[in-house]
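Beneath this line is the structure, given in structure tokens, with notes to follow.
Numbering (the working numbering), first residue to last: 11 to 448.
Okay, structure coming up:
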């Protein structure tokens, strides 16, 4: 199935599932004395709850779901739609309180029914879940702490919401309504079981050993991982995986990194990691022989999905990792099409894979344009950040026909996309991928 058709299919499934509870509302007569506004608010709450339930699938890394869009797009949608879901759920009690002010007494946990207290607690838990996710970096919440709290709060919100619905009782009366909710809950539970139990068991059976750790330029380390007791994994050049080092596959701590090795070599994989934070700064000290587990491959940032007469790669800093994988793969495939690489680095000494890029230029029809943002006085190449004027000097005449791959920090990607647009290049020709989903 084509990616566009496949993507449309999943969007349709998503829309059907979120409106399914509204159809359940239409089954049977409206309970007496409940009126339009109350039923309208219930409908909004049901749609919001369906959206929240589907979050388990959006973050479950189901490849059939993520492949048409790219997992970074799915995670971005997950973050944005959670806010929409919260607003819909919040409107449920607000509309009731405004239309029937006497119901405000239900906010008192001492006198209100247990099912109302469960609903209030679920709404508070959802607010905490979303707020801590938005403010995690600003509040310096450790990733592992946030992720564990996020998981428990998500399950708590779903459970409290269902307790609230069961307590109200109006919308689970009758076998069809009850079986609908049983089926919905079963799908959520099965999703969690797969992600937290079944998938880690599969990873446990496919371990890797860190065979070598190579120090690269630019405070970057390359982990060479060899499969232990299995044939390894196949990936497309430019893809990535989540890695767990020295821990159980059931552990919370994991990190996404791009493959940097050629996709033509399945006997081992390489992942190049730049020192940027607490975890990455310890990579150089990982002992050889340490066991690791990979969850992947993921990502649509690959030339194998985009056929073109030529390719242009625009890279900043750590963004070189997936690009070097693409170039190594193309060299192993004896690629003849023209390739152009713009590579921005802070200093000439910190250019990661500098020597190998020179070697690949001899094996490929590759031209590398280095630009240095903090150059020495004797630097004779391009200076400063990559911009439209710089790219215009080197882009081929058939620039509109080429495919463009942009990888680097988010601000750099945004600036480059704007520059490419200034050059009259259609954005559908520009591929990018962001790792801001953690």
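Beta carbons: idealized from backbone N, C-alpha and C, even for Gly.
As the structure is a computational prediction, the values presented were derived from the model and not from experiment.
Kindly indicate which residue of 412, 355 and 109 has the alpha-carbon position closest to the one of residue 45.
Residue mapping note: residue 45 aligns to position 35 of the chain shown, counting from 1. If you compare the alpha carbons of 412, 355 and 109 with that of residue 45, the shortest gap goes to 109.
Give me the Cα-Cα distance between residue 320 and residue 330, rounded to the nearest whole angstrom.
The count along the chain shown starts at 1 and reaches residue 320 at position 310. The count along the chain shown starts at 1 and reaches residue 330 at position 320. Near 18 angstroms, if we compare the C-alpha coordinates of residue 330 and residue 320.
On the CB-based measure, 16 or more other CB atoms within 10 Å of its CB, does residue 52 come out buried or exposed?
Here the question's residue 52 lines up with position 42 in the chain shown. Buried, since its Cβ has 16 or more Cβ neighbours within 10 Å.
Can you list, in chain order, the stretches of the beta strand (DSSP E) that have 3 or more residues and sit fully within the segment 200-262?
Qualifying beta strand (DSSP E) stretches, in chain order: 218-226, 230-237 and 250-255.
With distances taken between CB atoms, is the gap from residue 105 to residue 50 smaller than 8 angstroms?
For the purposes of this step, residue 105 is taken as residue 95 along the chain shown, with counting starting at 1. For the purposes of this step, residue 50 is taken as residue 40 along the chain shown, with counting starting at 1. Yes, Cβ-Cβ distance for residue 105 and residue 50 is below 8 angstroms.
How is residue 184 classed by DSSP in three states: helix, strand or coil?
Here residue 184 refers to the residue found at position 174 of the chain shown. The answer is coil: DSSP assigns residue 184 none of H, G, I, E or B.
For residue 107, decide whether its Cβ has a neighbour in chain B, counting only Cβ atoms nearer than 8 angstroms.
Reference to chain B is not applicable here, since this structure consists of a single protein chain.
Have a look at 292, 58 and 281 and flag the residue whose alpha-carbon is nearest the alpha-carbon of residue 136.
Within the chain shown, the letter at position 126 stands for residue 136. From the listed residues 292, 58 and 281, the smallest Cα separation to residue 136 is found for 58.
Quick test of your reading: residue 75 and residue 308, contact by CB under 8 angstroms. State the CB separation rounded to the nearest angstrom.
To locate residue 75, count along the chain shown from 1; it is residue 65. To locate residue 308, count along the chain shown from 1; it is residue 298. Incorrect: roughly 11 angstroms between the Cβ atoms, too far for contact.
Taking three-plus beta-carbon pairs below 8 angstroms as touching, is the segment 294-303 in contact with the segment 249-269?
The segment 294-303, when compared against the segment 249-269, does touch it at the 8 angstroms Cβ threshold.
Is residue 201 closer than 8 angstroms to residue 66 when the C-beta atoms are compared?
Sequence index remark: in the chain shown, residue 66 carries index 56 (1-based). Sequence index remark: in the chain shown, residue 201 carries index 191 (1-based). Yes, the pair counts as a contact, with Cβ atoms nearer than the cut-off.
Assess, as a yes-or-no matter, whether the segment 374-390 is touched by the segment 349-356 under the definition of 3 or more beta carbon pairs within less than 8 angstroms.
Result yes; three or more Cβ-Cβ pairs closer than 8 angstroms.
Can you tell me whether residue 317 is buried or exposed, with buried defined as 16 or more other CB within 10 angstroms of its CB?
In the chain shown, counting from the first residue as 1, residue 317 sits at position 307. Here residue 317 is exposed. Its C-beta has fewer than 16 other C-beta atoms within 10 Å.
Is residue 430 near residue 414, with beta carbons less than 8 angstroms apart?
As a first step, residue 430 is located in the chain shown; it is residue number 420 there, counting from the start. As a first step, residue 414 is located in the chain shown; it is residue number 404 there, counting from the start. Annotated as proximal: residue 430 and residue 414, with beta-carbon spacing under 8 angstroms.
Taking the C-alpha atoms as reference points, what is the distance between residue 129 and residue 169?
By one-based count along the chain shown, residue 129 stands at place 119. By one-based count along the chain shown, residue 169 stands at place 159. Taking the straight line from one Cα to the other gives about 10 angstroms.
When DSSP labels each residue in this structure, what does residue 388 get in the three-state scheme?
Sequence index remark: in the chain shown, residue 388 carries index 378 (1-based). Of the three classes helix, strand and coil, the one that applies to residue 388 here is coil, per DSSP.
Tell me which residues share the same chain as residue 289 and place their Cβ nearer than 7 angstroms to its Cβ, disregarding the 5 neighbours each side in the sequence.
As a position in the chain shown, residue 289 is number 279, starting the count at 1. Sequence-distant partners of residue 289 (beyond 5 residues in either direction) whose C-beta falls short of 7 angstroms from its own C-beta, in its chain, are 265.
Give the C-beta separation of residue 235 and residue 221 to the nearest angstrom, bearing in mind that I take them to be a contact with Cβ-Cβ under 8 angstroms.
As a position in the chain shown, residue 235 is number 225, starting the count at 1. As a position in the chain shown, residue 221 is number 211, starting the count at 1. Sure, about 7 angstroms apart at Cβ, within 8 angstroms.
If I measure Cβ to Cβ from residue 371 and keep anything under 8 angstroms in the same chain, skipping five residues before and after, which residues do I get?
Taking the chain shown and counting its residues from 1, the one referred to as residue 371 is at position 361. Within the same chain, residue 371 has close Cβ partners 377 and 378.
Under a three-way DSSP split, which group does residue 435 fall into?
Looking up residue 435 in the chain shown gives position 425. Three-state result, residue 435: coil.
Please list, in chain order, all residues of the same chain as residue 362 whose beta carbon is under 7 angstroms from its beta carbon, the five residues on each side excluded.
Numbered from 1 along the chain shown, position 352 holds the residue referred to as residue 362. Contacts found: 226, 227, 228, 230 and 330.
Validate contact between the segment 276-285 and the segment 239-252 using beta carbons, cut 8 angstroms, 3 pairs:
Output reads yes: the segment 239-252 touches the segment 276-285.
What separation, rounded to the nearest whole angstrom, lies between the Cα atoms of residue 385 and residue 397?
For the purposes of this step, residue 385 is taken as residue 375 along the chain shown, with counting starting at 1. For the purposes of this step, residue 397 is taken as residue 387 along the chain shown, with counting starting at 1. Looking at the two C-alpha atoms, the distance is approximately 17 angstroms.
How big is the Cα-Cα spacing for residue 427 and residue 356?
Walking along the chain shown from the start, residue 427 turns up at place 417. Walking along the chain shown from the start, residue 356 turns up at place 346. If you take the alpha carbons of residue 427 and residue 356, they lie about 20 angstroms apart.
Assuming contact is defined by CB atoms lying nearer than 8 angstroms, are residue 139 and residue 182 in contact in what I supplied?
Here residue 139 refers to the residue found at position 129 when the chain shown is read from its first residue. Here residue 182 refers to the residue found at position 172 when the chain shown is read from its first residue. Not in contact: residue 139 and residue 182 (Cβ atoms no closer than 8 angstroms).
Compare the beta carbon distance of residue 70 and residue 205 with 8 angstroms and say whether it is the shorter of the two.
As a first step, residue 70 must be located in the chain shown, where it is residue number 60. As a first step, residue 205 must be located in the chain shown, where it is residue number 195. It is a contact, given that the beta carbons lie within the stated cut-off.
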